[in-house]
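**Q** Quick one: the structure is below, and I'll ask about it shortly.
In my numbering, the protein residues as written are 423 to 1046.
In structure tokens, the structure reads:
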């Protein structure tokens, strides 16, 4: 025991003399104590200073490699000898581990020849194995990637993939020809990240790429992959729906005409061209005069003309995947929904195209009624989500004839759906009536949609602290604001409640808006580019609420198109710094759609193309 006490004093003195946290030594004792102390025959593990020790170890090894000291093998590549240590190579590469195994003759040799990689790449590989880093540019990175794949160096391979994928995100760094090479490289080495990065680059600059020689060198399957990818816009922001399809048509035709043996694929490829969205004059003057189209796929011409000139086409009754515009989450879109019995008709107005597009008709189930809808992004594509009184939620991809549905838990009615910028989820505000008491219970769900599966995953969140009967829900920044009528019959005014998406919590305080009576229904709108302001069109005025000071104020007189109009005559929306009005009751069989810039109050209202129906149940748009 005397020896033990001496050792304890030595350890205590050593611990007190430590000068730096970087040089600390950890003591780990894992055996049982005898009489409250450590036995003389016990072992204590002494740990070095972590990364510092490792860096010093590899730095000294690399110095020995560069000087040729203690090296027991030479890797020969393209006639160049690279001295190295077997233990270092075998510890990090399964390729070298197998090569140095005694079962191979190379296991006893002083030189090992490696083929199919370059000497420059091998130099960078060894530098990485000994130091953890290497120096590359675009093309040496490709060589190092090939070497890392062959030598079974997963970490180095991933670093090269990340480097090349990040380069693709930087505009003007790579030519269109190089991007196709990167796309094929990602496929060759099973790198989804590199393949998708190159694919996105080609898709967004497709018409520039289509003029290169590499475009003509594409295989049929490669071209078909790009044409069928409806989740990504082909072209650029300035490409209209009509010109996009015309350019796609010209690109496919150019590829087919480059080799007569490709004519057998023209129908398969042209199937992905949206001929109905072209200008009728272009279909007549160009498409109909192309011999290859007339011979291989005349039905596409017939479909385009029928959609353009017949009454059924104008109403949107002719629906195929080729009548849908290509839209992304960045496109500003106004949407309308009309319920007619057990059917719900969908349409969207694309601002940059200045036209309405008819979407598919939903077939509702079991007496459902549509209660709410929102736009959201599932990846780059724009989708719509529609909620019903039975708690069923329909997900509609705009660019495809795809419809998914899921039912929310419990016996709930889906009251409001909202999407938040930067979030992949859609939030559903629901109500459920207690069968025994008749009281209303508020519930809230977060829906996450993946179009590779049939339903949306659902997570329940805290419901409204104070249940509401009739309300509006809008998004401002990362907050969901809910304005509505209290379920408490003794409360004769509306309240404003706030949900913070980042923390998934409701605010403790509720803002009473005593100036707003329970009825009539009042819309709540977010003010674009404002961090904490909402507005309420009420009667003929525009009221504004600021979260920072928790007060409201009448901003100005709200000038409607006609002096006799009130806000109750219109569906109202604020988007793209403009007021959007859709008349609830038809005029001459149509619902006028008007727009006015909110930056220039008092100016004339501008008439947009009218909604193709004689009524609208829900009017909504993309989030700000």
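Don't be surprised by glycine CBs; every beta carbon is placed ideally from N, CA and C.
This structure is a prediction, so every number in the text was calculated from the model and none was measured.
Please indicate yes or no: does the CB of residue 498 lie closer than 7 Å to some heavy atom of the ligand HEM?
**A** In the structure shown, the ligand HEM is absent, as is every other ligand, since no ligand is present at all.
**Q** Output needed for residue 452: all residues of its chain with C-beta closer than 6 Å, excluding positions within five of it in sequence on either side, in chain order.
**A** Bear in mind that a pLDDT of 41 at residue 452, under 50, signals an unreliable position, so the number given afterwards is only what the model happens to contain. Taken in chain order, the list of residues that qualify is empty.
**Q** Is residue 885 buried or exposed, if buried means 16 or more other CB atoms sit within 10 Å of its CB?
**A** The residue in question, residue 885, is buried, as its Cβ has 16 or more Cβ neighbours within 10 Å.
**Q** Using the Cα positions of residue 516 and residue 624, report the straight-line distance between them to the nearest angstrom.
**A** Going by the C-alpha atoms only, they are around 36 Å apart.
**Q** For residue 634, which residues from the same chain have a beta carbon less than 6 Å from its beta carbon, with the 5 sequence-adjacent residues on both sides left out?
**A** The answer, listed in chain order, is 598, 599.
**Q** Under a Cβ-count criterion, where at least 16 other Cβ atoms within 10 Å of its own Cβ denotes burial, should residue 853 be classed as buried or exposed?
**A** Counting Cβ neighbours within 10 Å, residue 853 comes out buried, since at least 16 surround it.
**Q** Which residues does DSSP list as the beta-bridge partners of residue 903?
**A** Paired residues: 896, 920.
**Q** By Cβ distance below 8 Å, which residues in the same chain neighbour residue 583 in space, the five residues on each side in sequence not counted?
**A** Cβ neighbours of residue 583 beyond the five flanking positions: 567, 608, 611, 613, 615, 616.
**Q** Please check the pair residue 386 and residue 579, which I expect to be a contact at CB under 8 Å, by giving their CB distance rounded to whole angstroms.
**A** Look at the range of the chain in this structure, 423 to 1046, and you will see that residue 386 is not part of it.
**Q** Quick one: residues in its chain with C-beta nearer than 6 Å to the C-beta of residue 851, no 5 flanking neighbours on either side, listed in chain order?
**A** Same-chain partners within the cutoff: 837, 838, 866, 895.
**Q** Rank 689, 783, 763 by C-alpha distance to the C-alpha of residue 790 and give the top, closest one.
**A** Comparing Cα positions, the closest option is 763.
**Q** Going by other Cβ atoms of all chains shown within 10 Å of its Cβ, with 16 needed for buried, is residue 482 buried or exposed?
**A** Exposed, since its Cβ has fewer than 16 Cβ neighbours within 10 Å.
**Q** On the DSSP bridge assignment, give the partners of residue 535 in chain order.
**A** Beta-bridge pairing links residue 535 to 498.
**Q** Identify the residues that DSSP records as bridge partners of residue 808: which are they?
**A** Residue 808 pairs with 795, 816.
**Q** What's the gap between the Cα of residue 628 and the Cα of residue 966?
**A** Cα-Cα distance, rounded: 45 Å.
**Q** For the alpha helix (DSSP H) that residue 630 lies in, which residues bound it at each end?
**A** It spans 628-631 - the alpha helix (DSSP H) in which residue 630 sits, taken as one unbroken run.
**Q** My understanding is that residue 908 touches residue 890, with C-beta atoms under 8 Å, so please give their C-beta distance in whole angstroms.
**A** Sure, about 6 Å apart at Cβ, within 8 Å.
**Q** Starting from residue 573, follow the beta strand (DSSP E) in both directions and report where the run begins and ends.
**A** Element bounds for residue 573: n/a, residue is neither H nor E.
**Q** Indicate the three-state DSSP secondary structure (helix, strand or coil) for residue 492 in the structure shown.
**A** Correct three-state label for residue 492: coil.
**Q** Since residue 1015 and residue 996 should fall inside the 8 Å C-beta cutoff, what is the C-beta to C-beta distance between them, to a whole number of angstroms?
**A** That belief does not hold up - the Cβ atoms of residue 1015 and residue 996 are roughly 15 Å apart, past 8 Å.
**Q** Span of the beta strand (DSSP E) holding residue 757?
**A** From DSSP, the beta strand (DSSP E) with residue 757 extends over 755-762.
**Q** Kindly give me the distance between the Cβ atoms of residue 815 and residue 830, rounded to whole angstroms, as I take these residues to be in contact under 8 Å.
**A** Indeed they touch by this definition, with Cβ atoms about 7 Å apart.
**Q** Enumerated in chain order, which unbroken segments of the alpha helix (DSSP H) with a length of 4 residues or greater are wholly contained in the region 688-744?
**A** List check, alpha helix (DSSP H) in window: 688-692, 702-707, 713-718, 720-731, 733-737.
**Q** Let's test the definition: count the other Cβ atoms within 10 Å of the Cβ of residue 490 and tell me whether it reaches 16, buried, or not, exposed.
**A** Result: exposed.
**Q** Against chain B, does residue 573 count as a neighbour if the rule is that its beta carbon must be under 8 Å from one of theirs?
**A** Absence of chain B from the displayed structure is noted, only one protein chain being present.
**Q** Out of 684, 539, 497, 864, point me to the one whose CA is closest to residue 522's CA.
**A** Looking at the Cα atoms, 497 is the closest of the given residues.
**Q** Note the first and the last residue of the continuous alpha helix (DSSP H) segment covering residue 509.
**A** Element bounds for residue 509: 508-514.
**Q** Could you give the C-beta distance for residue 1029 and residue 1006, rounded to a whole number, given that I count them as a contact under 8 Å?
**A** Wrong, their Cβ atoms sit about 16 Å apart, outside the cutoff.
**Q** Between the C-alpha atoms of residue 883 and residue 922, what's the straight-line distance to the nearest angstrom?
**A** Cα to Cα, the separation comes out at about 11 Å.
**Q** Hey, would you say residue 590 sits closer than 8 Å to residue 619, going by beta carbons?
**A** Cβ atoms of residue 590 and residue 619: closer than 8 Å.
**Q** Could you give the DSSP three-state label for residue 837: helix, strand or coil?
**A** Of the three classes helix, strand and coil, the one that applies to residue 837 here is strand, per DSSP.
**Q** Using the rule of at least 16 other Cβ atoms within 10 Å of the residue's Cβ for burial, across every protein chain shown, is residue 906 buried or exposed?
**A** Buried is the call here.
**Q** Comparing alpha-carbon positions, which option in 519, 681, 478, 534 lies nearest residue 504?
**A** Ranking the options by Cα distance to residue 504, first place goes to 534.
**Q** Whose C-beta lies closer than 7 Å to the C-beta of residue 645 among residues of the same chain, with five residues either side of it excluded?
**A** Cβ within range, chain order: 677, 691.
**Q** Spatial neighbours of residue 510 within its chain, please: C-beta separation below 7 Å, excluding the five flanking residues on both sides.
**A** Within the same chain, residue 510 has close Cβ partners 483, 551, 552.
**Q** In chain order, what residues of the same chain have a beta carbon less than 7 Å from the beta carbon of residue 638, not counting five sequence neighbours either side?
**A** Cβ neighbours of residue 638 beyond the five flanking positions: 677, 680.
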